[in-house]
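Peer 1: My questions will all concern the structure given below.
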Amino acid sequence: MHFHRLSAIVAQLWFLISVTRKLCVAEMYDNHVTLRQTLLKNYDPLVIPTKTGSGTVSVSMVMYMQNVQRFDESAHTLSSLVSWDIYWKDAHLSWNETEYNGVSSLHMKASTVWMPDISIINALEDQWLDWEDDILQVWSSGDVMWILSEN
Ligand SMILES: *[C@@H]1O[C@H](CO)[C@@H](O)[C@H](O)[C@H]1NC(C)=O
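Counting with mature numbering (1 follows the signal peptide of the UniProt record, and there is no 0), you get residues -26 to -1, 1 to 125 for the letters of the sequence shown.
Dropping the structure here:
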């Protein structure tokens, strides 16, 4: 008897918790959509993202060698999977977290915002890396992170 009631309560609680979680996810999702739309309104990807629209943007790059695939001694080649973490600050992509329910970071499509003019070539396959479909992470401070890697 008791056991049955307990399991019914547990089931109800579980239902409540999952409904609440779904509501939270939906709310966060709405915040992200609104924020992204607000940031991209009047955004011009061709304008350098400093406060004044001129000057320079510092771009930092960190290279990670994920693993060495092949080392060919006679051809003097080293094949490996490499990825780059690329950072800069976009003065037009900052927001007040309080006004967006505490949203502190956001994903944005690389093709919708200013991107540093960096091209990386895979020398062994003579192939430029495509980045148009890459997703960037943007923080409320305007800090942007782009992870560039071969897929
Ligand atoms: C962020 O927004 C809140 C609420 O509108 C405001 O009280 C606060 O001063 C703002 N912070 C900054 C840094 O503008």
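Every residue gets a Cβ at the ideal spot worked out from N, C-alpha and C, and that includes glycine.
Give the single residue among Leu110, Thr8, Asp117 and Ile95 whose Cα lies nearest to the Cα of Leu55.
Peer 2: Answer by Cα proximity: Ile95.
Peer 1: Any idea which residues DSSP pairs Thr51 with across the strands?
Peer 2: According to DSSP, Thr51 bridges with Asp46.
Peer 1: Since His83 is in the beta strand (DSSP E), which residue starts that stretch and which ends it?
Peer 2: Position check: residue 83 holds Lys in this sequence, whereas His was assumed. Ser79 to Lys83 is the extent of the beta strand (DSSP E) around Lys83.
Peer 1: Any heavy atom of ligand 1 inside 8 Å of the beta-carbon of Asn41?
Peer 2: No, since every heavy atom of ligand 1 falls outside the 8 Å radius drawn around the Cβ of Asn41.
Peer 1: Please report the Cβ distance between Pro23 and Asp64, rounded to the nearest whole angstrom; I am assuming they are in contact, meaning their Cβ atoms lie under 8 Å.
Peer 2: About 4 Å; that satisfies the 8 Å criterion.
Peer 1: Would you decide whether Trp88 is buried or exposed? Buried here means 16 or more other CB atoms lie within 10 Å of its CB.
Peer 2: The residue in question, Trp88, is buried, as its Cβ has 16 or more Cβ neighbours within 10 Å.
Peer 1: In three-state terms, what does DSSP make of Met37?
Peer 2: If DSSP states are grouped into helix, strand and coil, Met37 belongs with the strands.
Peer 1: If you follow the beta strand (DSSP E) that Trp120 is part of, which residue opens it and which one closes it?
Peer 2: Here the beta strand (DSSP E) through Trp120 covers Asp117 to Ser123.
Peer 1: Sorry if obvious, but does the Cβ on Thr8 come closer than 8 Å to a heavy atom of ligand 1?
Peer 2: No, since every heavy atom of ligand 1 falls outside the 8 Å radius drawn around the Cβ of Thr8.
Peer 1: Lys15: buried (16+ other C-beta within 10 angstroms of its C-beta) or exposed?
Peer 2: Its Cβ having fewer than 16 others within 10 Å, Lys15 is exposed.
Peer 1: Indicate, with yes or no, if ligand 1 has a heavy atom lying under 8 Å from the CB of Glu99.
Peer 2: Incorrect: Glu99 has no Cβ contact closer than 8 Å to ligand 1.
Peer 1: Given that a residue counts as buried once 16 or more other Cβ atoms are within 10 Å of its Cβ, and exposed if not, what is His66?
Peer 2: Buried: at least 16 other Cβ atoms inside 10 Å.
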